[in-house]
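Before any comments, here is the structure.
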Amino acid sequence: MDLEGIIEAVKYNCNVSDARYWGFFSICGLLMRLRELYRSEHSLKPWEAIPREEISRWIEEREKLWQELEGATLGPIRIDDEIFEPFSVEEINERLNPAGLLYGGGYGRFNKPSFFLARLRAFDEIYDYHVYHAGEEFCRDLLAPAAMLQGRCIFIREEQIRVLLW
382 MDLEGIIEAV KYNCNVSDAR YWGFFSICGL LMRLRELYRS EHSLKPWEAI PREEISRWIE
442 EREKLWQELE GATLGPIRID DEIFEPFSVE EINERLNPAG LLYGGGYGRF NKPSFFLARL
502 RAFDEIYDYH VYHAGEEFCR DLLAPAAMLQ GRCIFIREEQ IRVLLW
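In the numbering used here, the protein residues as written are 382 to 547.
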């Protein structure tokens, strides 16, 4: 399984979604989300300082990337020899979960497409719900809810809970 290729495909979709929807956030809301996305992409804990010059450059680069991707469409997710649509969450997870990975994709606030790829830390079945616990996140978009419900699946994102509690 080509983990780097999967991360690249999911991150591409995160960037396409962010390029289309960044303007839906207030300036303050966007800056806070960018700060947390920077932390996530640079593996920083919520309590670790972010160097101002570095994040300023990173935001400038991100804005340029979003300009390039404004008209782009979401791409497929390739796992070995199979190609999946980005919202085929159950099918993608059937392939990724045995490898200890978890994929999330759906629509969030403002009907914004939202994606993440993480380590699968735990799985529980509670009544007829599948409860997935996401550990370390490899990539995500601007929206980062602590938990998500999709059909009979609940995704608990521990990194995002840590940010909320901090």
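Even glycine gets a Cβ: it sits at the ideal position worked out from N, Cα and C.
Open item on the list: Going by the DSSP bridge assignment, what does F504 pair with across the sheet?
Closed with: Locating residue 504 in the sequence shown gives position 123, where the first residue counts as 1. Answer by DSSP bridge pairing, in chain order: Y513.
- [ ] With DSSP collapsed to three states, give me the class of R433.
- [x] Counting from one through the sequence shown, the residue named residue 433 turns up at place 52. Correct three-state label for R433: helix.
Task: Alpha carbon of C395 to alpha carbon of Y508, nearest angstrom - done: Along the sequence shown, one-based indexing puts residue 395 at 14. Along the sequence shown, one-based indexing puts residue 508 at 127. Each residue's Cα considered, the two are about 32 angstroms apart.
TODO: Identify whether A525 lies in helix, strand or coil by the three-state DSSP scheme.
DONE: As a working mapping, residue 525 is identified with position 144 in the sequence shown. A525 falls in the coil class under three-state DSSP.
- [ ] Report the option in F504, F465 and A503 whose CA atom is closest to the CA atom of G486.
- [x] On the sequence shown, position 105 is the one that residue 486 refers to. The residue with the shortest Cα to Cα distance from G486 is F465.
Open item on the list: Do E475 and H514 count as a contact pair if the criterion is CB distance below 9 angstroms?
Closed with: Your numbering for residue 514 matches position 133 in the sequence shown. Your numbering for residue 475 matches position 94 in the sequence shown. No, the Cβ-Cβ distance between H514 and E475 is not below 9 angstroms.
TODO: Report the rounded CA-to-CA distance for A390 versus I473, giving the unit in angstroms.
DONE: Here the question's residue 390 lines up with position 9 in the sequence shown. Here the question's residue 473 lines up with position 92 in the sequence shown. So the two alpha carbons sit approximately 13 angstroms from each other.
Open item on the list: For a quick check, are the C-beta atoms of W439 and W403 less than 9 angstroms apart?
Closed with: Indexing the sequence shown from 1 puts residue 439 at position 58. Indexing the sequence shown from 1 puts residue 403 at position 22. No, they are not a contact pair.
Task: Range covered by the beta strand (DSSP E) that runs through G487 - done: One-based indexing of the sequence shown puts residue 487 at position 106. L482 to Y488 is the extent of the beta strand (DSSP E) around G487.
TODO: Check A453 in the structure and name its three-state DSSP category.
DONE: Taking the first residue of the sequence shown as position 1, residue 453 is located at position 72. The answer is coil: DSSP assigns A453 none of H, G, I, E or B.
Task: Cβ neighbours of A453 in the same chain (closer than 6 angstroms, five flanking residues each side left out) - done: By one-based count along the sequence shown, residue 453 stands at place 72. The answer, listed in chain order, is V397.
Task: Assumed close pair L498, I431 - CB separation to whole angstroms, cut-off 8 angstroms - done: Translated into the one-based positions of the sequence shown, residue 498 becomes position 117. Translated into the one-based positions of the sequence shown, residue 431 becomes position 50. Actually they are not in contact, since the Cβ atoms of L498 and I431 sit about 23 angstroms apart, beyond 8 angstroms.
Open item on the list: Measuring straight from C-alpha to C-alpha, what distance separates Y484 and F496?
Closed with: Here residue 484 is taken as the residue at index 103 of the sequence shown, counted from 1. Here residue 496 is taken as the residue at index 115 of the sequence shown, counted from 1. Near 7 angstroms, if we compare the C-alpha coordinates of F496 and Y484.
- [ ] Going by CA-CA distance only, name the one from L450, E385, M382 and R401 that's closest to L524.
- [x] One-based indexing of the sequence shown puts residue 524 at position 143. Nearest option by C-alpha distance: R401.
Open item on the list: Excluding the 5 residues flanking E463 on each side, which residues of the same chain have their C-beta closer than 8 angstroms to its C-beta?
Closed with: In the sequence shown, residue 463 corresponds to position 82, counting from 1. For E463, where only same-chain residues beyond five positions count, the Cβ hits under 8 angstroms are R476.
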